[in-house]
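Participant: Quick one: the structure is below, and I'll ask about it shortly.
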């Protein structure tokens, strides 16, 4: 059986870039908010940095609209993954990719916590 590649930040960012190229990702505050309110968003990814006020507002919308929310990477890293400037928020519009990215981010977080507790 083929062994899965380890989950790395680069692997998650690569999947985000693939989502952008496939047209199943939107970014920027207004576009992400609209995608969530219209029911198109499956996953909201907020950067680890950026405006707390904007992130809090989007997190409230995600909760109200029952959109999965994860925090991952810096705004610069998210932007670079999709060939744009800083992005504090991106929304994944495809259920399959939303599930995949949620799983990858959760696995990466779990691995980082385990590595931190082993030190």
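Numbering (our numbering), first residue to last: 394 to 512. Cβ atoms here follow ideal geometry from the backbone N, Cα and C, with glycine treated the same way.
1. Give the secondary structure of residue 463 by DSSP, where H, G and I count as helix, E and B as strand, and everything else as coil.
2. Do residue 485 and residue 494 have their CB atoms nearer than 8 Å?
3. If you check the beta carbons only, do residue 413 and residue 482 fall under 8 Å apart?
4. Looking at the strands, I want to know which residues DSSP matches up with residue 420.
5. How big is the Cα-Cα spacing for residue 424 and residue 402?
6. Can you say whether residue 407 is buried or exposed, counting buried as having 16 or more other CB atoms within 10 angstroms of its CB?
7. Consult DSSP for residue 438 and reduce its assignment to one of helix, strand or coil.
8. Beta carbon of residue 449, beta carbon of residue 467: below 8 Å?
9. Specify the secondary structure class of residue 496 as computed by DSSP and reduced to three states.
Facilitator: Concretely, from the data shown:
1. strand
2. yes
3. no
4. 483
5. 25 Å
6. exposed
7. strand
8. no
9. helix
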